[in-house]
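Reading through the structure tokens given below for one structure.
Encoded structure:
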């Protein structure tokens, strides 16, 4: 089975010699109209002038669903999950929409639309932004893409979690100045390069992902999987595909139908399950509800309703999140567990978390009890996925 790594190739590599000024960026964008690869590269060059890690053009949906042009720094797996699940939970979009702000010419920082602390603890913040390492956005709404139309595009620049602070307020004015040119260039590009439709732009990314990704219906039948997912199924671990097309998952309790693991989606938009590879290595199965119409990647290919998009990952962060769900850890216990995994003593954990030493010891006691570990070394092994208790 191929390695289930977290390496997800960015949508493109940064331009080797970005234009020196905003005027040069705009000229390069117009010059690239009609050439999808060059257009994305030209769009990426704006990031340097907005102190951004990535940029996205989100176009009006059509029969194929939402359409997006993404630059460097945008994970294809995150982009696919966003369109099929997180778009419906996007706190920034929902807040701006509720306030009637998404009008042509509107420009704002994400931190001005939604309180950063409220965003951090929201479902969108915890499940998407934290994993995609996005802290803030600078977004603008273009004029309608058609002469007498009403559909506008949304241009968004991303500020990475590693970057200090939020977008500078002065950048709002800068984006407002170039927004008309961005909209005109996009309108021309969309007319000349119809292949920009999301179904086409995501097709290659989906197949080439290093992360196994699958679309399934409510009965747990495989509707489509990328190459990595198909390889995982062929090996028979941690997923098996029956002759009838039903997916089975290898859990600590043995093989179970995927439909049974998906049942929790009626209570929560995302569920995680710990699966075991053929050598008992823990792998996290993340299931997210698919919202809206049939995903663009499946349009015209299936007759059934897509229920969930599933990914398999084996990073320590994903494993720990899944273990927290598996053992029923509280948020405080999970924070303590992260530091226990780092090998820190209780005294250092208390200092880092700003709590009493007795509180940390209580949390460690709960961790031992919930995981069935008898001592801290065994607890560390369980938290790393070894000796997972059913």
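Residue numbers (my numbering): 32 to 421.
Ideal placement from N, C-alpha and C gives every residue a C-beta, glycine not left out.
On a predicted model such as this, the values are computed, not experimentally measured, just so you know.
Bridge partners - residue i, DSSP secondary structure assignment
{"i": "residue 194", "result": "In the DSSP output, where bridge partners are listed per residue, residue 194 has none listed."}
{"i": "residue 271", "result": "279"}
{"i": "residue 342", "result": "244, 317"}
{"i": "residue 256", "result": "245"}
{"i": "residue 223", "result": "Beta-bridge pairing links residue 223 to no other residue."}
{"i": "residue 187", "result": "87, 170"}
Cβ distance (whole Å) where residue i is taken to contact residue j below 8 Å
{"i": "residue 86", "j": "residue 75", "result": "6 Å"}
{"i": "residue 119", "j": "residue 322", "result": "4 Å"}
{"i": "residue 169", "j": "residue 206", "result": "6 Å"}
{"i": "residue 78", "j": "residue 102", "result": "7 Å"}
{"i": "residue 315", "j": "residue 216", "result": "Contact doesn't hold; Cβ gap of about 41 Å is too wide."}
{"i": "residue 292", "j": "residue 304", "result": "5 Å"}
{"i": "residue 335", "j": "residue 248", "result": "5 Å"}
{"i": "residue 108", "j": "residue 244", "result": "6 Å"}
{"i": "residue 203", "j": "residue 138", "result": "5 Å"}
{"i": "residue 306", "j": "residue 281", "result": "5 Å"}
{"i": "residue 83", "j": "residue 190", "result": "6 Å"}
Boundaries of the alpha helix (DSSP H) in which residue i is found, first to last residue
{"i": "residue 362", "result": "362 to 372"}
{"i": "residue 54", "result": "53 to 62"}
{"i": "residue 411", "result": "407 to 414"}
{"i": "residue 28", "result": "No statement about residue 28 is possible, as the shown extent of the chain runs from 32 to 421 and does not include it."}
{"i": "residue 250", "result": "It is not in any alpha helix (DSSP H) - residue 250 carries neither H nor E in the DSSP assignment."}
{"i": "residue 74", "result": "67 to 75"}
Exposure of residue i, with buried meaning 16 or more beta-carbon neighbours within 10 Å
{"i": "residue 122", "result": "buried"}
{"i": "residue 173", "result": "buried"}
{"i": "residue 195", "result": "exposed"}
{"i": "residue 410", "result": "buried"}
{"i": "residue 94", "result": "Model confidence at residue 94 stands at a pLDDT of 48, short of 50, so the residue's coordinates are unreliable and nothing is read from them."}
{"i": "residue 320", "result": "buried"}
{"i": "residue 72", "result": "buried"}
{"i": "residue 147", "result": "exposed"}
{"i": "residue 57", "result": "buried"}
{"i": "residue 251", "result": "buried"}
{"i": "residue 403", "result": "exposed"}
{"i": "residue 349", "result": "buried"}
{"i": "residue 179", "result": "exposed"}
{"i": "residue 152", "result": "exposed"}
{"i": "residue 388", "result": "exposed"}
{"i": "residue 414", "result": "buried"}
{"i": "residue 408", "result": "exposed"}
{"i": "residue 380", "result": "buried"}
{"i": "residue 171", "result": "buried"}
{"i": "residue 52", "result": "exposed"}
{"i": "residue 256", "result": "buried"}
{"i": "residue 342", "result": "buried"}
Any non-hydrogen atom of the ligand FAD within 7 Å of residue i CB
{"i": "residue 181", "result": "Looking at this structure, you won't find the ligand FAD or any other ligand, since it has none at all."}
Continuous beta strand (DSSP E) stretch holding residue i: start and end
{"i": "residue 288", "result": "285 to 288"}
{"i": "residue 384", "result": "Unbroken run through residue 384 is the alpha helix (DSSP H), 377 to 384; no beta strand (DSSP E)."}
{"i": "residue 307", "result": "301 to 307"}
Runs of beta strand (DSSP E) lying entirely within the stretch 78 to 138, each at least 3 residues, in chain order: Unbroken beta strand (DSSP E) stretches of 3 residues or longer found wholly inside the stretch 78 to 138: 85 to 93, 96 to 101, given in chain order.
Ranges of the beta strand (DSSP E) found wholly within the stretch 132 to 175, counting only runs of at least 3: Within the stretch 132 to 175, the complete beta strand (DSSP E) segments at least 3 residues long are 138 to 140, 165 to 172, listed from N- to C-terminus.
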